[in-house]
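**Q**
2 protein chains.
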Amino acid sequence: MRREPVPYTPVWLMRQAGRYLPEYRAMRARLGFLELCKTPDAAAEVTLQPVERLSVDAAILFADILLIVEPLGVGLEFEKGEGPVIHRPLRSERDIAALRPIDVDAAVPFVFETARRVARALAGRVPLIGFAGAPFTVASYLVEGGPSRDYLYTKRLMYEEPEAWHRLMELLAAATARYLNGQIAAGAAAVQLFDSWVGVLAPDDYRAFVQPHMRALIRTLTPGAPVIHFGTGTAALLPLMRAAGGDVIGLDWRVDLDTAWATLGHDVAVQGNLDPAVLLAGPPYIRQRVKDILDRAGGRPGHIFNLGHGVLPGTPVEHVKALVDIVHELSDRR
Amino acid sequence: MRREPVPYTPVWLMRQAGRYLPEYRAMRARLGFLELCKTPDAAAEVTLQPVERLSVDAAILFADILLIVEPLGVGLEFEKGEGPVIHRPLRSERDIAALRPIDVDAAVPFVFETARRVARALAGRVPLIGFAGAPFTVASYLVEGGPSRDYLYTKRLMYEEPEAWHRLMELLAAATARYLNGQIAAGAAAVQLFDSWVGVLAPDDYRAFVQPHMRALIRTLTPGAPVIHFGTGTAALLPLMRAAGGDVIGLDWRVDLDTAWATLGHDVAVQGNLDPAVLLAGPPYIRQRVKDILDRAGGRPGHIFNLGHGVLPGTPVEHVKALVDIVHELSDRR
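Protein chains in written order, with this note's numbering: chain A, 5 to 338; chain B, 5 to 338.
1. Which residues in chain B have a C-beta closer than 9 Å to the C-beta of Val259 of chain A? List them in chain order.
2. Could you give the uninterrupted runs of the beta strand (DSSP E) lying entirely in the segment 258-300 of chain A, keeping only those of 3 residues or more?
3. Alpha carbons only, please: which of B:Tyr289, B:Ala123, B:Leu298 and B:Ala247 is nearest the one belonging to Ala189 of chain B?
4. Would you grab the beta carbon distance between Gly134 of chain A and Leu94 of chain A for me? Rounded to a whole angstrom, and I think it's under 8 Å.
5. Taking a Cβ distance cut-off of 7 Å, strictly less, list which residues of the segment 282-297 of chain A are near chain B, in chain order.
6. Only counting the same chain, and skipping five residues up and downstream in sequence, which positions put a Cβ closer than 8 Å to that of Val130 of chain A?
7. Does the separation of the CB atoms of Arg153 of chain B and Leu284 of chain A fall below 7 Å?
8. Taking the beta carbon of Pro280 of chain B as the centre, do at least 16 other beta carbons fall within 10 Å, making it buried, or is it exposed?
9. Run through DSSP, which three-state label would Val60 of chain A get?
10. Could you compute how far the alpha carbon of Asp339 of chain B sits from the alpha carbon of Tyr12 of chain B?
11. Compare the C-beta of Arg160 of chain B against all C-beta atoms of chain A and say whether one is closer than 7 Å.
12. Once you ignore the five residues that flank Gly22 of chain B on each side, which residues in its own chain have a CB closer than 8 Å to its CB?
13. Under 7 Å between C-beta atoms, does Tyr183 of chain B make it to chain A?
14. Using a Cβ-Cβ distance under 7 Å, would Tyr163 of chain A count as near chain B?
15. Return the Cβ separation of Ala181 of chain A and Leu225 of chain A in integer angstroms, given the expectation that the two are a contact with Cβ distance under 8 Å.
16. Rounded to whole angstroms, what's the CA-CA distance from Gly276 of chain B to Leu241 of chain A? Just pull it up for me.
17. Taking only the alpha-carbon atoms, compute the straight-line gap between Arg222 of chain A and Gly250 of chain A and give it to the nearest angstrom.
18. With a threshold of 8 Å on Cβ separation, who are the neighbours of Asp311 of chain A within its own chain once the five nearest residues in sequence on each side are excluded?
19. Going along chain A in order, which residues have a C-beta closer than 7 Å to the C-beta of Gly203 of chain B?
20. Can Phe309 of chain B and Val15 of chain B be called in contact, C-beta distance under 7 Å?
21. So, are the CB atoms of Pro227 of chain B and Met5 of chain B less than 7 Å apart?
22. Please work out which residues of its chain come closer than 6 Å, Cβ to Cβ, to His323 of chain B, disregarding the five sequence neighbours upstream and downstream, and give them in chain order.
23. Does Pro26 of chain A pass the burial test, meaning 16 or more other C-beta atoms within 10 Å, or should it be called exposed?
24. Would you verify that the beta carbon of Asp262 of chain A is, or is not, closer than 7 Å to some beta carbon of chain B?
25. I believe Ala119 of chain A touches Gly191 of chain A by the beta-carbon criterion, under 8 Å. Please report the beta-carbon distance rounded to the nearest angstrom.
26. Report yes or no: is there a C-beta of chain A within less than 7 Å of the C-beta of Asp279 of chain B?
27. Looking only at its chain, what residues have a beta carbon closer than 8 Å to the beta carbon of Glu83 of chain A, apart from the 5 residues adjacent to it on each side?
28. Out of B:Pro44, B:Asp45 and B:Val50, point me to the one whose CA is closest to Gln20 of chain B's CA.
29. Which class does Ala136 of chain B belong to by DSSP, given the choice of helix, strand or coil?
30. Taking only runs that begin and end inside the segment 160-248 of chain A, name each unbroken alpha helix (DSSP H) of 4 or more residues, in chain order.
31. Ignore the nearest five residues each way along the sequence and tell me which others in Leu52 of chain A's own chain have a CB closer than 7 Å to its CB.
32. Can you look up Leu38 of chain A in the DSSP assignment and give me helix, strand or coil?
33. In chain B, which residues lie less than 9 Å from Leu316 of chain A when you measure between Cβ atoms?
34. Give the C-beta separation of Ile352 of chain B and Phe198 of chain B to the nearest angstrom, bearing in mind that I take them to be a contact with Cβ-Cβ under 8 Å.
35. Run through the DSSP bridge pairs and tell me what Val252 of chain B is partnered with.
36. Which ranges would you report for the beta strand (DSSP E) in the segment 85-161 of chain B if only whole runs of at least 3 residues count?
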C-alpha cells in the first residue's frame with residue numbers, strides 16, 4: 005500500500021470470508037447474517053477462516069456496508085438470498101430533512117469489538133483491513149430500497165433535489181469517517197472504501213455529486229492507515245477517484261491494469277484485477293490469467309493482487325487456494 | 005455518420021419506438037411483442053410513430069435482437085415484463101456442435117418487409133437505421149438463457165471451451181452479416197450493431213473472444229451503409245471496438261464525450277451520450293446536460309446526439325420531445 009519493495013506480490017480477496025467456504029456456511033447454518041455480524045466472537049472467527057485456509061496476506065473484517073445505517077430507522081433487513089432490503093427508502097427532500105446524524109459508536113460497537121478480537125488473534129502475522137461502504141453506494145441502497153439496475157430514484161434525487169442529495173451524502177460521509185477511524189483505533193492497519201456501484205454514474209455526475217464528499221471523507225481519516233479506494237465499472241472515473249483520495253486505487257477487471265495504472269500515475273498504488281469469473285475455470289487457466297496481470301504490473305512496487313470484485317458464491321475453494329498460491333509463486337522475487 | 009458538415013446536430017434515440025409512447029402502448033394492447041415484430045404493417049407503424057411525434061432525424065427499425073436466433077430451436081419466448089427467455093440455453097460444446105447455420109432469409113422475412121415499408125413511407129425524409137445484436141450480446145442470451153448479472157455461463161464457456169465459443173460466434177457473425185445486408189437491401193441507409201452487454205468483459209477477453217468476430221462481421225457488410233458500433237460500460241474497450249470496425253462508435257454515458265472521442269481519434273464519428281435517467285428530470289435540467297454534451301462535441305462534424313442507452317419505459321413523452329428540440333436549438337449552425 006505504501007509502494008515499498010516486497011518479496012512477492014501480496015494478495016487478498018474481496019469477500020474471502022463468504023459463502024464459497026464450507027466453514028463459513030457451517031457458521032451461517034447456526035447464525036443469521038445480521039446476527040453473525042453482531043456477534044464479535046463469530047464474526048472474528050469467519051474473518052480469520054480464510055487467513056488460515058488460503059494463506060492470504062491480509063484479513064478483511066467481516067461486516068456489511070449497511071450496518072451503520074440501522075439507526076436511520078429505514079427498516080433494514082437482510083432477506084434470504086435477496087440481499088439487503090430497506091423497507092422505508094429515502095425518496096424525497098422531506099425524508100432526508102428528517103434524518104438525525106448517526107451515532108456510530110452506539111450503532112456498531114460490535115464491529116469495533118470484532119476488529120479488536122481479530123487484531124489480537126492475528127498478532128501482527130498479517131494486517132487487518134477494515135472497510136466501509138462509500139457514501140454514494142450506501143446512499144443508493146437507502147434511496148432505491150435495495151440493489152438496483154438503473155438507479156433511477158438515486159439519479160432523480162441528485163438531479164431534482166440536489167440539496168437533499170448533498171445533505172444525505174454529508175451525513176453519510178461524516179458517519180463513515182467516524183466508522184473507519186473507530187476500526188483503525190480498534191486495530192485495522194488499513195481501510196477500504198467500497199464505492200461498488202459508483203460506475204453507474206456519468207463522470208460529470210461523479211464530479212458534482214460524489215467527489216467533494218469522498219474528498220472530505222478521506223481527508224478526515226486517521227493518518228498512518230492506508231486507504232484503498234475501490235469501485236466497479238470505473239474505467240472513466242479512475243482519475244476522478246484518484247483526485248478524491250486514497251493510497252491505493254482498487255481496479256475492477258474491466259480495465260487493463262497497466263493502462264489504468266499509467267492513467268492514475270505510478271505515484272499511487274493499485275489493487276486488482278482478476279475477473280472473479282476466472283475462478284470458475286480450472287487452475288491452468290487461472291495461472292495464465294494471473295500471469296497476464298502480474299506481467300502488466302511489471303514487478304513494480306505498489307501492486308496488491310485481488311479480484312476485480314468479490315469471490316462468487318459458487319467458486320470452488322480449491323480454485324481460490326490455487327489462485328493465492330499461483331500469485332505467490334509467479335511473483336516471487338526472493 | 006460520414007463526418008460531413010450539417011446545419012444542426014442530428015439526433016435519434018435508442019428505443020425511441022417503445023413503451024414510453026402512448027401510441028406504442030395502444031398497439032401493444034392489441035398485439036404481443038413477438039406478434040408485433042412479425043407483422044410488417046404494425047412494426048412499420050411503430051417505427052414511424054416517433055418520427056412523427058418527436059421530429060428525430062432518423063427512424064430505427066422496430067425489431068428485437070433475438071429474432072434471428074429463433075431457428076436455432078432454443079425455445080425463445082418473450083415473457084411479460086421479464087424480457088426474453090431462452091428455455092433451452094446453450095451450455096456445452098455438445099449443445100453448440102449440434103447447431104445448424106441460420107437460414108436468415110427464411111427466419112426473418114417480416115423484418116425485411118418492415119424495412120421496405122418504412123423506407124417507402126419515409127420517402128427519404130429521414131434515413132432508416134437498421135440494426136442487429138452483436139454476436140457477443142446475442143450469444144450471452146443464448147448461453148445464459150436470458151438477461152444476466154454476472155454472465156457466468158458465458159464466461160465459463162469462453163474460458164473452458166474456447167473452440168465451442170468461437171464456433172458459436174462464427175455462426176452468429178455470419179447470420180448477423182446476412183441479416184444486416186438484408187436490411188440494407190430492403191432500404192436501411194445505415195445499421196447499428198448493439199453489443200449492449202460487452203462491457204462485462206475484461207479487455208483481454210474482448211481481444212481473444214469477441215474482436216476477431218466483430219472484425220470479420222463488419223468487413224462483410226455492404227459498402228455504402230455506415231455502421232454504428234455500440235456497447236455500454238465500454239470505457240476501456242473503445243479503442244478495441246474502434247479497431248474491430250464501424251464508421252460511428254456509440255458511447256454510453258459513463259464516459260466524457262470529448263475524452264472518449266480523443267481516445268478513439270477524430271477520424272471516426274461518435275454517437276451519444278446522455279444518461280437516459282436525465283430524461284426523468286425536467287426540461288431545464290435536460291437543457292443543461294444537453295449543452296454539456298454539445299460543448300464537449302465542440303461543433304465538430306461527426307457527432308450524432310443520442311442517449312447512452314435506450315429510452316427508459318417511465319420517461320415522460322414531453323421530456324423526450326423537449327430533448328430533441330433542445331438538441332436542434334442549441335446546435336443550430338445556420
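Even glycine gets a Cβ: it sits at the ideal position worked out from N, Cα and C.
**A** According to the data block:
1. The answer, in chain order, is Ala206, Pro207, Ala239 and Ala240.
2. Taking only runs of at least 3 residues, the beta strand (DSSP E) segments lying wholly in the segment 258-300 of chain A are 273-278.
3. The shortest C-alpha separation from Ala189 of chain B is found at B:Ala123.
4. No, Gly134 of chain A and Leu94 of chain A are not in contact; Cβ-Cβ is about 26 Å, not under 8 Å.
5. Of all residues in the segment 282-297 of chain A, those with a C-beta nearer than 7 Å to a C-beta of chain B are Val282, Leu284, Ala285, Tyr289 and Asp296, reading in chain order.
6. Hits under 8 Å: Val55, Val60, Asp61, Ala62 and Ala63.
7. Cβ atoms of Arg153 of chain B and Leu284 of chain A: not closer than 7 Å.
8. When all chains shown are included, Pro280 of chain B counts as buried.
9. Note: Val60 of chain A maps to coil in three-state DSSP.
10. Look at the range of chain B in this structure, 5 to 338, and you will see that residue 339 of chain B is not part of it.
11. It does; some Cβ of chain A falls within 7 Å.
12. For Gly22 of chain B, same chain residues with a beta-carbon under 8 Å away, outside a window of 5 residues either side, are Tyr28, Gly314, Val315 and Pro317 in chain order.
13. Taking CB atoms only, Tyr183 of chain B has no neighbour in chain A less than 7 Å away.
14. Tyr163 of chain A counts as touching chain B.
15. Sure, about 6 Å apart at Cβ, within 8 Å.
16. So the alpha carbons of these two residues sit roughly 18 Å apart.
17. Here residue 222 of chain A turns out to be Ile, not Arg, going by the sequence shown. A direct Cα-to-Cα measurement between Ile222 of chain A and Gly250 of chain A gives close to 7 Å.
18. One detail in the question is off: residue 311 of chain A reads as Leu in this sequence, not Asp. Short of 8 Å from the beta carbon of Leu311 of chain A, and not among the five residues preceding or following it, lie these beta carbons of its own chain, in chain order: Leu17, Met18, Trp257, Gly276, Asn277, Leu278, Asp279, Pro280 and Leu283.
19. Neighbours of Gly203 of chain B on chain A, chain order: Arg258.
20. Yes, these two residues count as a Cβ contact at 7 Å.
21. Contact: no.
22. So the qualifying residues of the chain are Leu283.
23. Exposed, because fewer than 16 other Cβ atoms sit within 10 Å of the Cβ of Pro26 of chain A.
24. Not closer than 7 Å to any Cβ of chain B, the Cβ of Asp262 of chain A fails to qualify, so no.
25. Rounded, the Cβ-Cβ distance is 5 Å, consistent with contact.
26. Proximity of Asp279 of chain B to chain A, defined by a Cβ-Cβ separation below 7 Å, is satisfied.
27. Answer for Glu83 of chain A: Val89, listed in chain order.
28. When each option's Cα is compared against that of Gln20 of chain B, the closest is B:Val50.
29. If DSSP states are grouped into helix, strand and coil, Ala136 of chain B belongs with the strands.
30. Assignment of alpha helix (DSSP H) within the segment 160-248 of chain A, counting only whole runs of 4 or more residues, yields 166-189, 215-223 and 242-248 in chain order.
31. Ala63, Val122 and Ala125, listed in sequence order.
32. Under the three-state reduction of DSSP output, Leu38 of chain A falls in the helix class.
33. By Cβ distance, chain B contributes Asp154 and Leu156.
34. Absent from the model: residue 352 of chain B. The displayed extent of chain B is 5 to 338, so no value can be given.
35. The bridge partners DSSP lists for Val252 of chain B are B:Ile232 and B:Ala273.
36. Qualifying beta strand (DSSP E) stretches, in chain order: 87-90 and 132-137.
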